[in-house]
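Colleague: Take the sequence shown: its position 256, counted from the start at 1, is 246 in this note's numbering, and no numbers get skipped. From the three backbone atoms N, C-alpha and C, an ideal C-beta is built for every residue, glycine too. Given the structure is predicted, the values throughout are model-derived calculations rather than measurements.
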Amino acid sequence: EKSGLQKELDQIGFNLVGFGCTTCIGNSGPLPAPISKTINDKGLIAAAVLSGNRNFEGRVSPDVQANYLASPPLVVAHALAGTVTRDLTAEPLGEGRDGQPVYLKDIWPSAAEIQEFIEKNVTRELFARKYADVFKGDAYWQGVKAPEGQTYAWDDNSTYVQNPPYFAGMARSFGTVGDIRGARVLGLFGDKITTDHISPAGSIKAASPAGKYLTEHGVGVADFNQYGTRRGNHEVMMRGTFANIRIRNHMLGENGREGGYTIHYPSKEEMSIYDAAMAYKQEGVPLVIFAGVEYGNGSSRDWAAKGTNLLGVRAVIAQSFERIHRSNLVGMGVIPFVFEDGTSWASLNLKGDELVEIDGLDAIKPRQKMAARLTYGDGTVKTIPIVCRIDTLDELDYFKNGGILQYVLR
-9 EKSGLQKELD
1 QIGFNLVGFG
11 CTTCIGNSGP
21 LPAPISKTIN
31 DKGLIAAAVL
41 SGNRNFEGRV
51 SPDVQANYLA
61 SPPLVVAHAL
71 AGTVTRDLTA
81 EPLGEGRDGQ
91 PVYLKDIWPS
101 AAEIQEFIEK
111 NVTRELFARK
121 YADVFKGDAY
131 WQGVKAPEGQ
141 TYAWDDNSTY
151 VQNPPYFAGM
161 ARSFGTVGDI
171 RGARVLGLFG
181 DKITTDHISP
191 AGSIKAASPA
201 GKYLTEHGVG
211 VADFNQYGTR
221 RGNHEVMMRG
231 TFANIRIRNH
241 MLGENGREGG
251 YTIHYPSKEE
261 MSIYDAAMAY
271 KQEGVPLVIF
281 AGVEYGNGSS
291 RDWAAKGTNL
301 LGVRAVIAQS
311 FERIHRSNLV
321 GMGVIPFVFE
331 DGTSWASLNL
341 KGDELVEIDG
351 LDAIKPRQKM
361 AARLTYGDGT
371 VKTIPIVCRI
381 DTLDELDYFK
391 NGGILQYVLR
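1. I'd like to confirm the pairing. Which residues does DSSP put opposite Phe327 in its beta bridges?
2. Using the three-state DSSP reduction, which class does Tyr203 fall into: helix, strand or coil?
3. Alpha carbon to alpha carbon, how far is Leu6 from Ile97? Give it in angstroms, no decimals.
4. Assuming Ser51 and Leu21 make a contact with CB atoms under 8 Å, what is their CB distance in whole Å?
5. Give the secondary structure of Ser317 by DSSP, where H, G and I count as helix, E and B as strand, and everything else as coil.
6. Would you list, in sequence order, the uninterrupted beta strand (DSSP E) runs of no fewer than 3 residues that lie entirely inside the region 11 to 51?
7. Using DSSP bridges, identify the partner residues of Gln358.
8. Ordered along the chain, which non-local residues of its own chain (more than five positions away) have a Cβ less than 8 Å from that of Leu40?
9. What did DSSP end up calling Ile297 once you bin it into helix, strand or coil?
10. Under DSSP, the beta strand (DSSP E) around Met261 begins and ends at which residues?
11. Going by C-alpha to C-alpha distance, which of Asn318, Lys271, Tyr270 and Arg304 sits closest to Asn287?
12. Would you report the Cα separation of Gln(-4) and Ile108, rounded to the nearest angstrom?
13. Please name the residue or residues paired with Tyr270 in a DSSP beta bridge.
14. At the level of alpha carbons, what is the spacing between Asn239 and Pro326?
15. State the DSSP-derived secondary structure class of Asn391, mapped to helix, strand or coil.
16. Per DSSP, Ile97 is paired with what?
17. Return the chain-ordered ranges of every beta strand (DSSP E) run that is complete within the region 119 to 204 and spans a minimum of 3 residues.
18. Here's the rule: buried if 16 or more other CB atoms are within 10 angstroms of the residue's CB, otherwise exposed. What is Thr73?
19. If you draw a straight line from the C-alpha of Pro137 to the C-alpha of Arg221, how long is it?
20. Among the residues of its own chain, which have a CB less than 7 Å from the CB of Ala305, if the five just before and after it don't count?
21. What ranges does the alpha helix (DSSP H) occupy inside the region 218 to 252, keeping only unbroken runs of at least 4 residues that lie completely in it?
22. Does any C-beta atom of chain D lie closer than 8 Å to the C-beta of Arg247?
23. Between Lys182 and Glu330, how many whole angstroms is the CB-CB distance? I'm expecting something under 8 Å.
24. Give the straight-line distance between the Cα atoms of Glu106 and Leu(-1), rounded to the nearest whole angstrom.
25. Assuming Gln152 and Asn234 form a contact by the criterion Cβ under 8 Å, report the distance between their Cβ atoms to the nearest whole angstrom.
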């Protein structure tokens, strides 16, 4: 505003609409209803260009699958052009009032212009003034009434913060680790499944398990907020695990159905991943997940591992893992395994109706070569080599304790 740049941006539709998490978490609001309807009715791949730090599909808007990160000036340039399919280095953005083509080079500021604006408007005084009372907060912050005491007073009626069950039934010392017997497959996932696929941080749909939970607890759709702001409530977050609208579970066909769905066996009933996990939990059936390469890449989101644990998943068997998510799984007591090179769930012709057994978990060692026994739907039994991706002795301690939280408490 001081430089006059905001006035120019306002004239072309780049208004200041708020502070904090907005576009990158899906808080910029829905697309106009006719546009949203056209995209979904015709199955269009809509694109966004943004200068935020997240480009997961469906994150900026559930209607937008292709998201391109760019500098703020390039965002403006693409908005003026109205397309991402044009080569802005060679083709015009459009036409000026005089009917002549306008190119990117015509509107792009020089380094000298940018430096001049910075020197005039980004001053030491500005930072000193803003940070002088940074911990004081405004009147709204000062007006917040906070509980007192050494421990947190849990509110059973809160839909934002609930007491998680991580320590339920925990003994003073850890016992033996049970083998995985008669486990069912919760999901067959492809390559490069991100932590945002596993635990989305964006908007909550009313028809989703998390949306239904909030509705049942008296929260209106307008007050759902997002998964990211509900992460203090495990009831919301476990319902949101694998609930990304763009995730594909290949148990539901060759290309998989979009959304957090699976097939419960032996009933063969199609249902949400959360509902299936709870059904298996009631039946006393452990769960495993199969995936492709780079499982868990993207943000190092702790809830991607927490939610997996709370759904009752004992192991994830993939072709490869992203480093941090692999470590987070171990920290939540979920064992990551990798196939031998050249093997995948697809090459094994897995359909999702198999039973999985893995023995020897109480004596497991870091990077140990092990075996998984697969019983196919037709009764065929196949034993495949897998490698434990608990990589260190410290991680082994976390796992044997049931997770890093239990390890620290003990």
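Modeller: On the basis of the data shown:
1. Ile307 and Cys378
2. helix
3. The alpha-carbon atoms of Ile97 and Leu6 are separated by roughly 21 Å.
4. The Cβ separation is near 6 Å, so the contact holds.
5. helix
6. 36 to 40
7. Paired residue(s): none; Gln358 is not in a bridge.
8. Thr13, Cys14, Val50, Asn57, Tyr58, Leu59, Ala60 and Val65
9. Here residue 297 turns out to be Gly, not Ile, going by the sequence shown. It is helical.
10. Glu259 to Ser262
11. Asn318
12. 14 Å
13. Looking at the DSSP assignment, Tyr270 forms no beta bridge with any residue, so it has no partner.
14. 19 Å
15. coil
16. Its beta-bridge partners do not exist; DSSP assigns none.
17. 170 to 178
18. exposed
19. 20 Å
20. Answer for Ala305: Ile170, Val278, Val324, Ile325, Phe327 and Ile348, listed in chain order.
21. 224 to 230
22. The displayed structure is made up of one protein chain only, and chain D is not part of it.
23. Rounded, the Cβ-Cβ distance is 20 Å, inconsistent with contact.
24. 19 Å
25. Not a contact, Cβ separation roughly 22 Å.
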